[in-house]
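The block underneath contains the structure these notes are about, expressed in structure tokens.
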Amino acid sequence: MSLFLLGNIVAFVGALFMVGIGFMHDKRRILLCQNMQFLIMGIGNLLLGGVSGFVADIVSIFRNIFCLKRELTKGWKVFFIIIQVCVSTVFIGIAGFAPREILPIAATLTYTWMLDTKKETVLKIVMLATQLMWLAYDISLLNISSMVFDFLTIGSNIVGFIRARKHEALEA
Numbered sequence: 164m165s166l167f168l169l170g171n172i173v174a175f176v177g178a179l180f181m182v183g184i185g186f187m188h189d190k191r192r193i194l195l196c197q198n199m200q201f202l203i204m205g206i207g208n209l210l211l212g213g214v215s216g217f218v219a220d221i222v223s224i225f226r227n228i229f230c231l232k233r234e235l236t237k238g239w240k241v242f243f244i245i246i247q248v249c250v251s252t253v254f255i256g257i258a259g260f261a262p263r264e265i266l267p268i269a270a271t272l273t274y275t276w277m278l279d280t281k282k283e284t285v286l287k288i289v290m291l292a293t294q295l296m297w298l299a300y301d302i303s304l305l306n307i308s309s310m311v312f313d314f315l316t317i318g319s320n321i322v323g324f325i326r327a328r329k330h331e332a333l334e335a
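Each number in this note's numbering comes from the position in the sequence shown (counting from 1) with 163 added on.
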């Protein structure tokens with residue numbers, strides 16, 4: 164079996180976790196399942212040659228484990244952002260730099276920084292922007308499975324943004 168096919172199969176399994184997480188409401192369960200999703204999709208990225216996607220997913224696992232135990236304060240956000248940049252720099256240095264490798268790093272840094280925003284519309288915009296970065300990355304890797312789910316996630320975030328905006332307008 165080729166790495167291309169194997170990477171897409173693995174990414175598909177990870178994407179199924181992503182869909183399942185969308186139906187969950189318990190933060191602890193979401194974070195635990197998201198860790199499985201990150202691990203599986205990270206391996207899929209690595210199989211397809213996506214080093215920074217793998218690193219971003221692994222650092223996100225550590226961030227989620229931390230969030231299960233403690234609050235993600237501004238100081239801890241900075242810590243995880245520094246870890247993301249340092250680990251990504253090392254791995255990209257080993258594997259070789261390609262411009263696409265910036266996308267998962269930028270997406271993860273943006274999401275980590277904005278994770279605790281109180282306004283749902285802001286969070287939806289952040290999720291939309293970061294998912295667009297992942298879409299561009301997945302296109303560059305020919306990660307077909309993830310591309311499909313990226314489009315679906317973008318669509319659901321647009322719908323969620325419109326609903327959140329209407330809800331916020333009613334509360335104002």
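Note that beta-carbon positions come from the ideal geometry of N, C-alpha and C, so glycine has one too.
Do residue j and residue i come within 8 angstroms of each other at the CB atom, strictly closer than that value?
i: Y300; j: G170; result: no
i: Q294; j: T316; result: yes
i: A174; j: S303; result: no
i: L209; j: F167; result: no
i: G323; j: K287; result: yes
i: I224; j: N198; result: yes
i: K240; j: T284; result: no
Contact defined as beta carbons within less than 8 angstroms: I believe residue i pairs with residue j. What is the distance between those atoms, to the nearest angstrom?
i: F312; j: M181; result: 6 angstroms
i: I321; j: L291; result: 7 angstroms
i: I257; j: E264; result: Going by Cβ atoms, the distance from I257 to E264 rounds to 12 angstroms, so no, they are not a contact pair.
Quick one: give me the first and last residue of the alpha helix (DSSP H) that residue i is part of.
i: R328; result: I307 to E334
i: E283; result: E283 to L304
i: R191; result: K190 to L210
i: D220; result: V214 to K232
i: F175; result: L166 to I184
i: F242; result: K237 to A258
i: M277; result: I265 to M277
Beta-carbon of residue i versus every beta-carbon of chain B: anything under 8 angstroms?
i: I228; result: The chain inventory of the structure shown lacks chain B, comprising one protein chain alone.
Find the nearest neighbour of residue i within the set the options, judged by alpha-carbon distance.
i: V222; options: P267, I193, I184 and A258; result: P267
i: D220; options: Q247, F229 and G256; result: Q247
i: L402; options: I184, A335 and G205; result: Residue 402 cannot be examined here, being either before or after the span of the chain that is shown, 164 to 335.
i: S165; options: G207, Q200, E234 and I257; result: G207
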